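Our numbering applies: residue 38 is where the sequence shown begins, and numbers increase by one. Data first, discussion second: the structure below is written as structure tokens.
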Amino acid sequence: MDKIIFYAKNISELLTILKNNPGTKIVGGCTKIEEFPDKAISTLNIKDLNQIIRHERYLDVGPGVTLSRILEVGQNHLPQVLYDALKTIANPLIRNIATIGGNILSPDQQLTLHAPLLALDARLEFKNGNDTKNIMIRNFDEIPEGYVLSNIKIPLLDSDVSVFRRIGPENSITPYSAAFAFTASIEKNSLLNAKLTFAGPFTFQSNELENSLMGRRIPLNLRDIVEITELVEKEFDKAATDQMIAEEVRQQFLNLARYSFEQLT
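Below is the structure:
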């Protein structure tokens, strides 16, 4: 069977083509597609899906924007945790093709950008005709039926401490691949907030952990580190119940968590 590829000029046309051609898949850079779908629709010519708009407190990024274009915004104008994550993805050639939407919506497992976007409280915007749904990325499970991802709203948060690490083999995605992100803001020798996230075979972000950290005196002491690390392990193991995760990945996450909090001593 010959492959069919459609092109749309705007979101309305995109939705119409999807409605009239069941089974059509939206494609961007196609860097993670092992087999091109029989029917696909490209986002390449849709201006609204390929723009970056910088506001004072947040960045609007269309899902068709390439990773290289986001990096071009500049290290001084992006949250450090996001900039560091983008730099770890493949190589410049791949980043010129791969899109942020493709990274977020990977069907098999969460990819590199999911963890930093969780730490930044990014919001996903979905459109269906004249209707718009906004979903915090931490609450996102699947695309609402009949909707398409139209925008990623990324808060421009300035953290005092920022840590990003990839877990697993370099430049490839395997069951051992995951991403770790940590951000913390300090005000008057007190921890204003801290976010610790993990994304790979499953995602981890704990409200209980975040709430327990607010207001802690900085610098942390050894007793604080031990207490926090034990809580992280407890919350992570709870989230990992019935999940497929290798022990070495779990241990790397716990080591990174401890390392991150040690930056607050």
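The beta carbon of each residue, even a glycine, is placed where N, CA and C say it ideally should be. Fair warning: this is a prediction, and the values are worked out from it, not measured in the lab.
Return helix, strand or coil for residue i, following the three-state DSSP convention.
{"i": "Thr53", "result": "helix"}
{"i": "Glu267", "result": "helix"}
{"i": "Ile204", "result": "strand"}
{"i": "Asp168", "result": "strand"}
{"i": "Phe217", "result": "strand"}
{"i": "Ile282", "result": "coil"}
{"i": "Lys332", "result": "Because the chain in this structure spans residues 38 to 302, residue 332 falls outside the shown range and cannot be described."}
{"i": "Ile262", "result": "helix"}
{"i": "Tyr296", "result": "helix"}
{"i": "Ser222", "result": "strand"}
{"i": "Arg91", "result": "strand"}
{"i": "Ile48", "result": "helix"}
{"i": "Asp97", "result": "strand"}
{"i": "Phe290", "result": "helix"}
{"i": "Phe273", "result": "helix"}
Return the first residue and the last residue of the beta strand (DSSP E) that residue i is part of.
{"i": "Ser209", "result": "Counting along the chain, Ser209 falls outside any beta strand (DSSP E), and DSSP gives it neither H nor E."}
{"i": "His257", "result": "It is Leu, not His, that sits at residue 257 in the sequence shown. Counting along the chain, Leu257 falls outside any beta strand (DSSP E), and DSSP gives it neither H nor E."}
{"i": "Leu233", "result": "227 to 236"}
{"i": "Lys76", "result": "76 to 79"}
{"i": "Ile63", "result": "62 to 64"}
For the alpha helix (DSSP H) holding residue i, just list the boundary residues, first then last.
{"i": "Ile131", "result": "129 to 132"}
{"i": "Thr125", "result": "117 to 125"}
{"i": "Asn165", "result": "Unbroken run through Asn165 is the beta strand (DSSP E), 160 to 165; no alpha helix (DSSP H)."}
{"i": "Ile141", "result": "137 to 141"}
{"i": "Leu104", "result": "104 to 108"}
{"i": "Ala156", "result": "151 to 156"}
{"i": "Leu186", "result": "Run containing Leu186: none in the alpha helix (DSSP H); it sits in the beta strand (DSSP E), 185 to 192."}
{"i": "Ser249", "result": "244 to 250"}
According to the Cβ coordinates, are residue i and residue j closer than 7 Å?
{"i": "Ser243", "j": "Val118", "result": "no"}
{"i": "Leu194", "j": "Leu157", "result": "yes"}
{"i": "Pro153", "j": "Phe201", "result": "yes"}
{"i": "Ile204", "j": "Ala221", "result": "no"}
{"i": "Gly99", "j": "Leu86", "result": "yes"}
{"i": "Ile223", "j": "Asp261", "result": "no"}
{"i": "Leu155", "j": "Ile174", "result": "yes"}
{"i": "Gln146", "j": "Pro238", "result": "yes"}
What does the alpha-carbon distance come out to for the pair residue i and residue j?
{"i": "Pro206", "j": "Leu301", "result": "28 Å"}
{"i": "Gly65", "j": "Ile255", "result": "44 Å"}
{"i": "Ser297", "j": "Phe290", "result": "10 Å"}
{"i": "Val102", "j": "Thr80", "result": "10 Å"}
{"i": "Glu299", "j": "Asn258", "result": "9 Å"}
{"i": "Asp274", "j": "Met281", "result": "12 Å"}
{"i": "Asn82", "j": "Ser49", "result": "13 Å"}
{"i": "Ile41", "j": "Lys76", "result": "5 Å"}
{"i": "Gly183", "j": "Leu233", "result": "33 Å"}
{"i": "Phe235", "j": "Leu228", "result": "21 Å"}
{"i": "Phe241", "j": "Ala135", "result": "25 Å"}
{"i": "Phe73", "j": "Asn133", "result": "19 Å"}
{"i": "Glu264", "j": "Glu162", "result": "38 Å"}
{"i": "Glu284", "j": "Tyr44", "result": "45 Å"}
{"i": "Arg8", "j": "Arg160", "result": "Because residue 8 is not part of the residues shown, which for the chain are 38 to 302, the question remains open."}
{"i": "Arg253", "j": "Lys225", "result": "11 Å"}
{"i": "Ile63", "j": "Ile141", "result": "13 Å"}
{"i": "Ile89", "j": "Asp178", "result": "25 Å"}
{"i": "Gly138", "j": "Asp39", "result": "26 Å"}
{"i": "Ile219", "j": "Lys84", "result": "Reading the sequence as shown, one finds Phe at residue 219 and not Ile. Roughly 33 Å between the two C-alpha positions."}
{"i": "Thr169", "j": "Ser105", "result": "27 Å"}
{"i": "Asn47", "j": "Thr125", "result": "32 Å"}
On the premise that residue j lies in contact with residue i, defined as a C-beta separation below 8 Å, what is that separation, rounded to the nearest angstrom?
{"i": "Asn230", "j": "Glu245", "result": "So it is not a contact: roughly 14 Å between Cβ atoms."}
{"i": "Ile172", "j": "Leu96", "result": "Incorrect: roughly 17 Å between the Cβ atoms, too far for contact."}
{"i": "Asn165", "j": "Leu52", "result": "7 Å"}
{"i": "Leu150", "j": "Ile210", "result": "Not confirmed; about 13 Å, so no contact."}
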